[in-house]
Amino acid sequence: MKTFNCSCKDNQILFFESSSCIACHRTVGIDDNFEKVEPFNLNKETGFYYKDGKPEVRYQKCDNHAEYKVCNGMVNMETFEPDEENEDEVLCFACRFNETIPDLTVVEHIPLWKKMETAKRRALYTLKEFCLPLHNTHEDPDNGLSFDFTTDRDVKDHFATKLEDSETVFTGHDCGHITINLAEANEVARSHTKLAMGEQYRTLLGHFRHELGHYYFNILILGFPKKHALCKEYFGDDELDYQAALDRHYKEGSPKDWSKEFISEYATMHPYEDWAETWAHYMHIMDTLETAKNFSITGSTSANKEETEEVEDLNLPQDEYFFSAQTSIKSILDTWIDFSVILNSLNRSMGMNDAYPFVLTEPVRTKLSFIHHAIHDRLDQMPSKPKYKAKNKHKKCKH
């Protein structure tokens, strides 16, 4: 994720999550174009905000920004079209994707909701940088995206106790509708689940990217017979019985040699999950490399460098091509392998676990390449028979 700058005399750095400038104290936010974080000036007479040099364009804080401080969205009131069902509600680009928010009568839910919104906005920003279709259900009732943030457990004991008269809430995706259990925003609850399931990595942002992978499978692959057939060659037959695969996975576990062909153990469960896990990792890699490029991080993983030798910048793709189809996926992945060593070493210096405890084998790189070409609608550049083909672990499943 890139950083931004305020227009004040200090040219203060602004982060994606910033809601005010610590130097000039002006309101800071991201508008409906969802392109950059910038300062807004308050017109005390009208009560509206405006950008530098454009006093005629009125902005208002998103209701969730003004009332709960869970987002930093600013709404262009010249172009905003209120929801017919909630005419008095003013929501920013990111908040208009929400269908259900947590029960706000429980005050402990609000800081967890803020974490949900932070992760969601970061995930949406990366998707928008790729120019992927990104519409809420009001804009596109048939193929739009929506979110439910709710829970079935008591926040007061870190979601250990089941709430009475509440339906079980599963994190998942269903035809463009993504549900994230609020418990995933609680460090204690999420850590408990991570340990119980023996996972190397479990984050709120990871959940969003994984479930969005399912959504974009429907948008980019499903419904396109040639693309779908090619996808099956790389990931396996996603039309195999999902419930049977799920039951088998939790009963028998993953294959002993799973790491040779899959990015995670969960990816072995079903080709549908292999796609979503690979998609999430592609997004992790691209966002982190953009962050490294933004801060001009330099370094080398070679132990043979002379101390006096000038260290060159990491070979990161140029900014203007970073999310472009012209950017070579090979160069991206080669760069990531070098940078992840540096990233993990920095974590170890702080006494923390590796930030990226995964290995990109050749079969995994091939699947990441498929995701790259699918995003840029260039699957015609993928060979019909990959050199490293995922083994079908689910041949005995019946429809």
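For the sequence shown, UniProt numbering assigns the number 1 to the initial residue and increments by one for each residue that follows.
Every residue gets a Cβ at the ideal spot worked out from N, C-alpha and C, and that includes glycine.
Beta carbon of residue i nearer than 8 Å to that of residue j
| i | j | result |
| --- | --- | --- |
| residue 147 | residue 120 | yes |
| residue 109 | residue 155 | yes |
| residue 202 | residue 283 | no |
| residue 19 | residue 39 | no |
| residue 163 | residue 382 | no |
| residue 185 | residue 74 | no |
| residue 118 | residue 287 | no |
| residue 104 | residue 215 | no |
| residue 337 | residue 360 | yes |
| residue 245 | residue 270 | yes |
| residue 379 | residue 227 | yes |
| residue 438 | residue 289 | The first residue shown for the chain is 1 and the last is 399, placing residue 438 beyond what the model contains. |
| residue 89 | residue 57 | no |
Reference residue i; option with closest CA among the options
| i | options | result |
| --- | --- | --- |
| residue 376 | 326, 7, 347, 359 | 326 |
| residue 205 | 190, 252, 294 | 190 |
| residue 166 | 341, 176, 150 | 150 |
| residue 102 | 220, 182, 33 | 182 |
| residue 197 | 381, 265, 144, 135 | 265 |
| residue 80 | 98, 100, 97, 59 | 59 |
| residue 217 | 143, 360, 202 | 143 |
| residue 212 | 141, 133, 360 | 133 |
| residue 263 | 175, 343, 358, 199 | 358 |
| residue 3 | 104, 74, 223, 35 | 35 |
| residue 175 | 160, 195, 222 | 222 |
| residue 33 | 287, 131, 228 | 131 |
| residue 329 | 247, 365, 267, 339 | 365 |
| residue 76 | 50, 226, 251 | 50 |
| residue 403 | 100, 140, 96, 106 | Lying before the first or after the last residue shown, residue 403 is absent from the chain, which here runs from 1 to 399. |
| residue 403 | 380, 136, 15 | Only positions 1 to 399 of the chain appear in this structure, which leaves residue 403 out of reach. |
| residue 86 | 374, 138, 22, 224 | 138 |
| residue 17 | 37, 9, 11 | 37 |
| residue 93 | 114, 61, 161, 41 | 61 |
Three-state secondary structure assigned by DSSP to residue i
| i | result |
| --- | --- |
| residue 4 | strand |
| residue 20 | strand |
| residue 55 | strand |
| residue 401 | Any answer about residue 401 is impossible in this case: the structure gives the chain only from 1 up to 399. |
| residue 302 | Annotation note: pLDDT 46 at residue 302 (below 50); position unreliable, coordinate value reported separately. Of the three classes helix, strand and coil, the one that applies to residue 302 here is coil, per DSSP. |
| residue 218 | helix |
| residue 313 | Interpretation of residue 313 is limited by its pLDDT of 46, a score under 50 that renders its predicted location unreliable; no figure is taken from the coordinates. |
| residue 307 | Summary for residue 307: the model assigns pLDDT 41, below 50, so the residue's position carries little reliability; its value from the coordinates is reported in the next sentence. Of the three classes helix, strand and coil, the one that applies to residue 307 here is coil, per DSSP. |
| residue 329 | helix |
| residue 60 | strand |
| residue 338 | helix |
| residue 25 | coil |
| residue 138 | coil |
| residue 236 | coil |
| residue 76 | strand |
| residue 250 | helix |
| residue 153 | strand |
| residue 343 | helix |
| residue 14 | strand |
| residue 227 | helix |
| residue 393 | For residue 393, the predicted structure reports a pLDDT of 40, less than 50, and the residue's modelled location is therefore unreliable. A value from the coordinates is still provided. In the structure shown, residue 393 sits in coil (DSSP, three-state: anything other than H, G, I, E or B). |
| residue 208 | helix |
N-terminal and C-terminal residue of the beta strand (DSSP E) that residue i is part of
| i | result |
| --- | --- |
| residue 256 | Unbroken run through residue 256: none, as it is neither H nor E. |
| residue 39 | 37 to 42 |
| residue 148 | 146 to 150 |
| residue 99 | 98 to 100 |
| residue 284 | First-last for residue 284: 271 to 294, but that is the alpha helix (DSSP H), not the beta strand (DSSP E). |
| residue 47 | From DSSP, residue 47 is part of no beta strand (DSSP E); its letter is neither H nor E. |
| residue 173 | 172 to 174 |
Residue interval of the alpha helix (DSSP H) (run including residue i)
| i | result |
| --- | --- |
| residue 357 | Premise fails: residue 357 is in no alpha helix (DSSP H) and is neither H nor E. |
| residue 193 | 187 to 196 |
| residue 364 | 362 to 375 |
| residue 177 | Element bounds for residue 177: not the alpha helix (DSSP H) but the beta strand (DSSP E), 177 to 181. |
| residue 109 | 109 to 129 |
- Item | Contact the segment 253 to 265 vs the segment 170 to 180: 3+ CB pairs below 8 Å | no
- Message: Quick test of the definition: if touching needs 3 or more C-beta pairs under 8 Å, does the segment 238 to 250 touch the segment 269 to 280?
- Response: yes
- Item | the segment 13 to 32 touching the segment 61 to 76, judged by at least three CB pairs closer than 8 Å | The answer is yes - the segment 61 to 76 touches the segment 13 to 32, with three or more Cβ pairs under 8 Å.
- Task: Report yes or no: do three or more beta-carbon pairs, one from the segment 69 to 77 and one from the segment 93 to 110, lie closer than 8 Å?
- Result: yes
- Task: Examine the Cβ distances between the segment 366 to 382 and the segment 325 to 342 and report whether three or more of them are shorter than 8 Å.
- Result: The segment 366 to 382 vs the segment 325 to 342: in contact.
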